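**Q** In our numbering, the protein residues as written are 15 to 185.
Here's a structure for you.
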């Protein structure tokens with residue numbers, strides 16, 4: 015139980031650090047979609063090495079046209095590549111905070127899809143979690159919108175614009 019908790023905490027910190035590294039990657043490597051492709055290729059290589067260490071039998075690596083193959087293709091194309099591209103796009107526009115705030119929204123879509131496709135009932139706990147996620151996201155967006163006018167404005171040269179204090183202009 016302790017090891018799982020530590021792994022979960024490590025995953026949360028690593029995922030948040032990844033968003034900040036994405037911002038730096040876009041500054042250094044302006045072709046952001048190539049950077050994402052390189053990340054996906056490196057992750058595939060790492061996953062293959064770990065998978066081969068865990069189970070190297072031929073039966074485990076054989077792909078057949080079934081739900082497992084469809085899941086792999088969906089996960090690679092949409093859950094990884096498309097989401098990374100959308101997150102990268104959002105980070106270049108709004109910074110690393112926005113994409114990380116929208117991640118819990120995926121749980122809302124999973125809950126509704128599970129209810130519609132698999133017929134799982136929506137429990138009170140699930141509905142309460144959905145409400146908390148949406149309230150948290152709305153309060154974040156409200157706070158960010160109210161925060162924007164209070165930030166100091168800068169001009170093209172990177173110097174602060176003068177602000178009026180009383181009758182005098184302060185640089």
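For each residue, glycine too, the CB sits at the ideal point set by N, CA and C.
Computed from a predicted structure; not experimentally measured.
#1: Is DSSP giving residue 80 helix, strand or coil here?
#2: Which stretch, first to last residue, makes up the alpha helix (DSSP H) that contains residue 15?
#3: Does the distance from the CB of residue 130 to the CB of residue 154 come in under 9 Å?
#4: Need the endpoints of the alpha helix (DSSP H) that residue 100 sits in, please.
#5: Anyone know if the C-beta pair for residue 126 and residue 136 falls short of 9 Å?
#6: Check the Cβ-Cβ distances between residue 32 and every residue of chain C, and say whether any is below 9 Å.
#7: Within 8 Å, do at least three Cβ pairs link the region 44 to 53 to the region 96 to 110?
#8: When DSSP labels each residue in this structure, what does residue 126 get in the three-state scheme?
#9: Is residue 113 closer than 9 Å to residue 147 when the C-beta atoms are compared?
#10: I believe residue 98 touches residue 53 by the beta-carbon criterion, under 8 Å. Please report the beta-carbon distance rounded to the nearest angstrom.
#11: Rounded C-beta distance between residue 40 and residue 110? I'm assuming under 8 Å.
**A** The short version:
#1: In the three-state DSSP reduction, residue 80 falls in the coil class, being neither helix nor strand.
#2: Premise fails: residue 15 is in no alpha helix (DSSP H) and is neither H nor E.
#3: no
#4: 97 to 108
#5: yes
#6: Protein chain content of the structure displayed is limited to a single chain, and chain C is not contained in it.
#7: Short answer: they touch.
#8: The three-state secondary structure of residue 126, taken from DSSP, is helix.
#9: no
#10: Confirmed, about 7 Å.
#11: Not a contact, Cβ separation roughly 10 Å.
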